[in-house]
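Undergrad: Under our numbering, the first residue of the sequence shown is numbered 633, with each subsequent residue one higher.
Sharing a structure, written as structure tokens. Questions coming.
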Amino acid sequence: MKLKYNRTMSFPATRMRRLRRTDSLRALVRETAVTPGNLIYPLFLCPGEGVRRPVSSMPGVFNLSIDEAVNEAEEAARLGIAGLLLFGLPERKDERGSGAYDDNGIVQQGLRALKASPASKQLVLIADLCLCEYTSHGHCGLVVESPGGFEVENDATLPLLARASVSLAKAGADVVAPSDMMDGRVAAIRQALDDAGCAQTPILSYAAKFASAFYGPFRLAADSAPQFGDRRSYQMDGANLREALREIALDLDEGADMILMKPAMPYLDVISEARERFGVPLGAYQVSGEYSMLQAAFERGWLDRERAILESLISIRRAGADFIVTYFAKDAAKLIG
Ligand code: PBG
633 MKLKYNRTMS FPATRMRRLR RTDSLRALVR ETAVTPGNLI YPLFLCPGEG
683 VRRPVSSMPG VFNLSIDEAV NEAEEAARLG IAGLLLFGLP ERKDERGSGA
733 YDDNGIVQQG LRALKASPAS KQLVLIADLC LCEYTSHGHC GLVVESPGGF
783 EVENDATLPL LARASVSLAK AGADVVAPSD MMDGRVAAIR QALDDAGCAQ
833 TPILSYAAKF ASAFYGPFRL AADSAPQFGD RRSYQMDGAN LREALREIAL
883 DLDEGADMIL MKPAMPYLDV ISEARERFGV PLGAYQVSGE YSMLQAAFER
933 GWLDRERAIL ESLISIRRAG ADFIVTYFAK DAAKLIG
């Protein structure tokens, strides 16, 4: 076929396909990479010994007793994974979430055990900081009755989060990661850490955390589903980008060292905008629903497992995340090799 070229177009001088012809050419011009060192692996600690209880909503994810978690951590360290994000399933829950700030709480015990293991000591141990796994009602803060039914109290929750942060830091957390979305919590935590002699403990703030259906499978894993109502009075409305940027600015102002965006794939635009605006280390959380959705498709043979895992992670890195919290951390580290 004889094509008519006009002088302003660059074809045929420019042919984008020239650099796509071979593996090595594609590797040479690849703009984004994901390495095991970019990945954080979440673990769910539970009481007992030798416990490895599968989470039904998340194939490949387990509730682990501390001894099992140490094995898992050692494997993660061998794979070059950057760190762990620790969640806890306490023996008992109460209205004030006291398991979160109990010096002998499940995550505190886990931190001590992990710090005693030479291999896992190399990992950055991040303690998720929230009340929802520890409260009998499953909300992320204190609950009081109100004319509208109930209210999750903001200011009364702050001292509890602050107390939990100190307890976790003293138990060995390298980083604390508040995920509750109370206003002012970063400032309260920073002050408490400083007052307790933990001025070197960084805060990774879940600055922009959206009220998302994609947390569904996690709530089974962490046994943290709210017993009534939902989290929309404290987590963000998924429609709001500008508000997310305000949340980040406020948390940085209060002293957050790093920020975490969550969920990841349905909010890549928010990650990308945050990356443009803020020159701080930024992570993204590929949450349980993102994981389970992919796993379900793999089980049905609808998606190619290896390619879909890596593509999902690359997309999050490309949007601007420095690091990614993902349940695929071990799988991905093995694939990257
Ligand atoms: C605790 C917390 C949640 C997640 C991380 N920290 C649950 C929630 O907010 O309901 C979700 C993680 C995931 O879905 O993988 N507040």
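All C-beta atoms in this analysis are idealised placements derived from N, C-alpha and C, irrespective of residue type, glycine included.
Computed from a prediction, not measured in an experiment: that's the story for all the values here.
Cα separation between P791 and G804?
TA: Computed Cα separation, rounded: 20 Å.
Undergrad: Where G816 and E785 are concerned, what is the direct C-alpha to C-alpha distance, given to the nearest angstrom?
TA: Looking at the two C-alpha atoms, the distance is approximately 12 Å.
Undergrad: Would the C-beta of Y847 count as close to ligand 1, meaning under 7 Å from any of its heavy atoms?
TA: Yes, the beta carbon of Y847 sits closer than 7 Å to at least one heavy atom of ligand 1.
Undergrad: Decide if Q832 is buried, meaning its Cβ has at least 16 other Cβ atoms within 10 Å, or exposed.
TA: When all chains shown are included, Q832 counts as exposed.
Undergrad: Please report the residue range of the beta strand (DSSP E) in which Y838 lies.
TA: Y838 -> beta strand (DSSP E) spans 836-841.
Undergrad: Pick out whichever of V902, N670, Q740 has its Cα sitting closest to the Cα of I713.
TA: Measuring from the Cα of I713, the nearest candidate turns out to be N670.
Undergrad: Measure from the alpha carbon of R949 to the alpha carbon of each residue in K966, M925, L746, Q918, then state which is nearest.
TA: Nearest option by C-alpha distance: Q918.
Undergrad: Any heavy atom of ligand 1 closer than 7 Å to the beta-carbon of F850?
TA: F850 Cβ: within cutoff of ligand 1.
Undergrad: Any heavy atom of ligand 1 within a distance shorter than 7 Å of the CB on D760?
TA: Yes, the beta carbon of D760 sits closer than 7 Å to at least one heavy atom of ligand 1.
Undergrad: Here's the rule I'm using: 16 or more other beta-carbon atoms within 10 Å means buried, otherwise exposed. How should N695 be labelled?
TA: Burial call: buried.
Undergrad: Taking three-plus beta-carbon pairs below 8 Å as touching, is the segment 882-889 in contact with the segment 718-727?
TA: No, because fewer than three Cβ pairs between the segment 882-889 and the segment 718-727 fall closer than 8 Å, the two stretches do not touch.
Undergrad: From this set, G848, S856, D901, I946, which residue's C-alpha is nearest S768's C-alpha?
TA: The residue with the shortest Cα to Cα distance from S768 is S856.
Undergrad: Does the distance from the CB of M897 to the CB of S844 come in under 8 Å?
TA: Cβ distance not < 8 Å, so M897 and S844 don't count as in contact.
Undergrad: Keeping to the same chain, check which residues put their C-beta closer than 6 Å to that of D735; ignore five residues upstream and five downstream.
TA: S799, listed in sequence order.
Undergrad: Taking only heavy atoms of ligand 1 into account, decide whether any of them is closer than 7 Å to the Cβ of S920.
TA: Within the cutoff, so yes.
Undergrad: Give the single residue among A961, E707, M690, R650 whose Cα lies nearest to the Cα of A854.
TA: For A854, the nearest C-alpha among the options comes from M690.
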